[in-house]
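Just so you know, the protein sequences line up as chains H and L, in that order.
To convert a position in the first sequence, counted from 1, into this note's numbering, add 111.
To convert a position in the second sequence, counted from 1, into this note's numbering, add 88.
Where is the CB? At the ideal position from N, CA and C, for every residue including glycine.
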Amino acid sequence: MKAKGKVWSMFMLLLITVVVTAGCGNKASNEGQKGNTAGGTETSTPTTKNDKDIVIAINSNFITLDPHNASDTHSISAARTMYEGLMGFDENMNVVPVLAASHSISEDGLVYTFTLQENVKFQDGTDFNAEAVKVNIARIQDEKNNLRLRKSFAKVAKVETPDAKTVVITLSEPYNAFLNKVAMAPIISPKALEENGADISKNPVGTGPFKFKEWVQGDRLVVVKNPDYWQAGLPKVDSVTFRPVPENGSRIAMLKTGEADFIYPMPTEQVSEVEGLEGITVDTIDSTIVRYVTLNTMKKPFDDVKVRQAINYAINKEAYIKVVKSGLGAKLDSTMSSKTQYYSPQTGYDYDIEKAKQLLTEAGYPDGFETEIWGENESETMKGMQFIQQQLALVGIKVDVKSMEGGTLSDQINSAKTPEEAKIQMWYVSWSPSSGDADGATRGLFSSEMFPPAGSNTAYYKNENVDKWIAEANKSVDPEAAKSIYGNIQKTIWEDAPWAFMGVDQIISGKRSYLEGVKVFPDGSINVLNAEVK
Amino acid sequence: MGRYALQRLLGVIPLLFIVSVLVFLFIHLIPGDPARLIAGKDATLEEIRGIQEQLGLNLPLWKQYINYMGDLLSGNLGNSIRSGIPVTDMLESRVMPTLWLTFLSMAWALIIGLLIGVVSAVYRNRWPDHLGTLTAISGMSIPGFWLGLVLIQIFSVELGWFPTGGVDSWKSYILPSITLGMGIMSMLARYSRSSMLETLREDYIRTGRAKGLREYVVIGRHALRNSLIQVVTVAGLQFGFLLGGSVMVETVFSIPGLGRLLVDSILFRDYTVIQALLLLFATQFILINLLVDLLYGVLNPKIRFSQ
């Protein structure tokens, strides 16, 4: 009897031990942290902040801290806290000089000469100079490294460094978007590159306003003030902690409790929940992200331009913004957003159901037809597809909504090796040019060389003029000429309507009112250079 | 007992081998090319091929399998194909939050669940039983996702007692473990109630009572212990599911655990990480089952002798 009792008490003891150690065990590891949690019974809506350590909650993890290999926006944001490039972007996605004091481009568009800022040091104390730039470009171009930025520098024929503060880059052919690409290429300390090699992504060293402190995968990335930063008076906060918080509701809760000082993205359907709350500010700006439906122009009935135009007339875009985007968005009035380089607004396709019916009749489909639309299985995308389904039903087009998980969908689209094999009819999707350049918003989507799997021209759109113009614009040296060519491209595509042009996303972020200077740029990257606690 | 345990432990090895083959094949059967997902929407074909070559994804499947098994046997789980970070590093940083979360959830679910079950059985068809049943049924029917958000709204946003997420201190684990443990607690309450009721009808209980044993001895030492076998089975199975299945709770409370890592990895077809995680889950599942079997022996020596 005694032995039996012992077993039972041991069992309970074990449970209690687990509970107690669970409580204590993590205390120790937490002592280094400060100011991040809403402590104890404090008020749940703080309106002031005593320290200068800010917390930013974002919706997903960082993938890599290697700035030459980052392709997701959050990794790019993280890299930009610690790194800078010769050029950078301002909040309207214009290319502006950063580590280059000035630059000039030869008349033939082949030679780019950069004069570098002086007295800039990397965070490891080494000098930033022309040699460092050369080392970085060599790293990007090295095939062995297979870095994401390599294709942006494919046209660089040689890099020369006549003196320590001059870099001369010669291209093999003119490349209109080259400055944008330079702005996407941060400069890493050559010493750190040599010492860390492939591990540079775990030990980032740049010239940026913040220094790397720690990266706990999936939990937080902490960067601290670089005291030797070359721009006087910056940065104004001591540290920035990024926390991936995938659940929308949890991010909002963190903003409300003050555990996060800034959250991005702010889910559109929850803006109304926090708007007007004391101590919280919601910011919105137009993005470079466009939403559209590709129409497979090589498949019946979408091979008829009248059908495609009819679809554009049949969808009420204002209602789309209201219903699907909770009113936070703009109508897409071109092939690119107003925040993209060389944007040129178009007119037409105002909601007109009679016109749509008439065009369908002219095309030989007076009673409409049946088709299917593809999209990802995420809730807002589903809502978008259902909206389109409902709108097109009014003109007799019966749309079957097929939602798929991202990877599966990508496979469906890219497994077709030729346009004939393609099963895609309509695809509800979005696109954002990573460096805000017109080429990035055009070539991959509309050039006939970019049919899947080579690119993302999922409308299988082919227009010889557009093909010719894309090549011309790319090689054009004069920005005015490029602007006019891109104007023609946008006008032509707009009339050909290979897409149902839907909307431009708005970037919505939420912050505590005492925080200023944190900006989300139109490409969705977060900029903390001017962050300040007031 | 020791020999039995060792035998069972050795039996795990072929099982793990079979699991590894199945995991490998299944993962490669999911549609979606990791190279394309890693390279992003605007990638060129050349870039995608480069990534495929770099990762060995262009090799025939059997060659990939041999490479993978070779690495695995030498204890190398490889690098994440998405981020290039060694898989062991990723698991290392993610395993503790998940373990704490699961243990805590299991601990309170067991204690409260058993308590409710025993009280319900003893006071059968009286108000404590009705209250217990109500609690258990509600606990089972509340969706965890919703419960998590409600708890955050009440205890973090309104009252400010606990953080909304992360793993900064012990406080961070309270709300998630309540969310995660609720379902199991309810299930255990139901199982222990019915199991206890059955035991209370046994002859030896009647004998015990007739001998004049105090009621708490009858219930605590005789009835409870014998009804625990069924409870241990259920708890063991649930524990296995919990470790891998805390995805939802980890998402709501932004806990950097294994569940979230698995979801992220599946979205990007990060083969190496998915493989490592599934193997890990399979291993712990097998080990927990082994532990449950051994516990039977402890609880009822008759089972031990009949092995």
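- With three or more CB-CB distances shorter than 8 Å, the segment 322 to 330 of chain L counts as touching the segment 262 to 281 of chain L.
- Taking C-beta atoms as the reference points, I165/H and F373/H count as a pair closer than 8 Å.
- Of the other Cβ atoms in all chains shown, 16 or more fall within 10 Å of the Cβ of F289/H; this residue is therefore buried.
- Taking C-beta atoms under 8 Å as the contact rule, G486/H and V540/H qualify, at a distance of about 7 Å.
- Sorting L471/H, L503/H, I174/H by C-alpha distance to the C-alpha of E483/H places L503/H at the top.
- Bridge pairing for A211/H: L227/H [DSSP].
- Between N585/H and N287/H, the CB-CB gap stays under 8 Å.
- When the beta-carbon positions are compared, S171/L and I174/H come within less than 8 Å of each other.
- Taking the C-beta atoms as reference points, P477/H is found no nearer than 8 Å to N525/H.
- Apart from sequence neighbours up to five positions away, the residues of its chain that approach R313/L with a beta-carbon distance below 7 Å are L387, ordered along the chain.
- Two segments are said to touch when three or more pairs of C-beta atoms, one from each, lie closer than 8 Å; by this definition the segment 540 to 560 of chain H touches the segment 114 to 130 of chain L.
- Take G236/L, set aside five residues on each side of it, and the residues of its chain with a beta-carbon closer than 8 Å to its own are L263, P264, T267, M336, V337, V340, F341, in chain order.
- T318/H is a Cβ neighbour of V231/H, given a cutoff of 8 Å.
- For the segment 373 to 390 of chain L, the beta-carbon criterion of a distance under 7 Å to any beta-carbon of chain H is satisfied by V386.
- Y153/L and M377/H have their C-alpha atoms roughly 43 Å apart.
- Put simply, the backbone Cα of Q328/H is about 7 Å away from that of P344/L.
- The distance from the Cβ of V278/H to that of K245/H is about 7 Å, consistent with a contact at the 8 Å cut-off.
- Closest option to M184/L, judged by alpha-carbon separation, among A364/L, V380/L, L202/L, L331/L: L331/L.
- The beta carbon of I581/H lies closer than 8 Å to those of D550, T553, R554, F557, S558, I600 in the same chain, with the five residues before and after it left out.
- With fewer than 16 other beta carbons inside 10 angstroms of its own, L97/L counts as exposed.
- Residues of the segment 177 to 189 of chain L that bring their beta carbon within less than 7 Å of a beta carbon in chain H comprise M178, S181, R182, W188, in sequence order.
- Residue pairing from DSSP places A611/H in a beta bridge opposite V404/H.
- Going by beta carbons, M204/H and K450/H fall inside the 8 Å limit.
- Interface criterion not met: the Cβ of W485/H is under 8 Å from no Cβ in chain L.
- I391/H places its beta carbon 8 Å or farther from that of G628/H.
- At least one CB of chain L lies nearer than 8 Å to the CB of T368/H.
- Taking C-beta atoms as the reference points, A608/H and L505/H fail to come closer than 8 Å.
- L471/H and A212/H have their C-alpha atoms spaced approximately 57 Å apart.
- Excluding residues up to 5 positions away in sequence, K160, I165, D372, F373, A642, E643, V644, K645 lie with their Cβ nearer than 8 Å to the Cβ of L626/H in the same chain.
- In the DSSP assignment, K269/H is bridged to T281/H.
- Per the C-alpha coordinates, the member of R362/H, R331/H, N407/H positioned closest to N172/H is R331/H.
- In the DSSP assignment, no residue is bridged to R278/L.
- For the set E429/H, S437/H, V348/H, I251/H, the Cα lying nearest the Cα of D444/H is the one of E429/H.
- Within 10 angstroms of the beta-carbon of P338/H lie fewer than 16 other beta-carbons, which makes it exposed.
- Per the coordinates, the alpha-carbon of D177/H lies some 39 Å from the alpha-carbon of Y431/H.
- The beta carbon of E358/H falls within 8 Å of a beta carbon belonging to chain L, placing the residue at that interface.
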